[in-house]
Amino acid sequence: MAKCEICDDFNEDHIDNEGDDSLYESEQYKPNLYFYWHGDIEEDYDMGEYECICVSCFNGLDLQGEIKWKKVKKDID
Ligand SMILES: [Zn+2]
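Using my numbering, the letters of the sequence shown correspond one by one to residues 3 to 79.
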């Protein structure tokens, strides 16, 4: 499943998981939305209390300083 814990937007994986085709009609069905997962193998971020959030909420949290990056992307300015 992939459903944002903040805004409740979801993608096809979530519909498959629920087995409810009527979810395709939902305004919150965002087939092309990217989701960030806690536990991704190559993740270099820590979303704190969240396990699955969409890219727009992720960016919002990042702007607020809520995302902890495990390594700095740019070591040299
Ligand atoms: Zn979201």
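Think of the CB as a built atom: it goes at the ideal place given N, C-alpha and C, for glycine as much as any other residue.
Since the structure is predicted, the reported quantities are computational estimates derived from the model, not experimental observations.
Item	Value
Ligand 1 heavy atom lying under 7 Å from the CB of S28	no
Nearest-angstrom Cα separation, counted from E20 out to D48	27 Å
For C59, the first and last residue of its enclosing beta strand (DSSP E)	No beta strand (DSSP E) holds C59; the alpha helix (DSSP H) holding it covers 57-65.
Which of helix, strand or coil DSSP assigns to Y36	coil
D11 beta carbon near ligand 1 (any heavy atom closer than 7 Å)	yes
Rounded separation between N13 and L63 - CA only	20 Å
Cα-Cα separation between F60 and C9, rounded to whole angstroms	11 Å
D11 classed as buried or exposed, judged by whether at least 16 other C-beta atoms fall within 10 angstroms	buried
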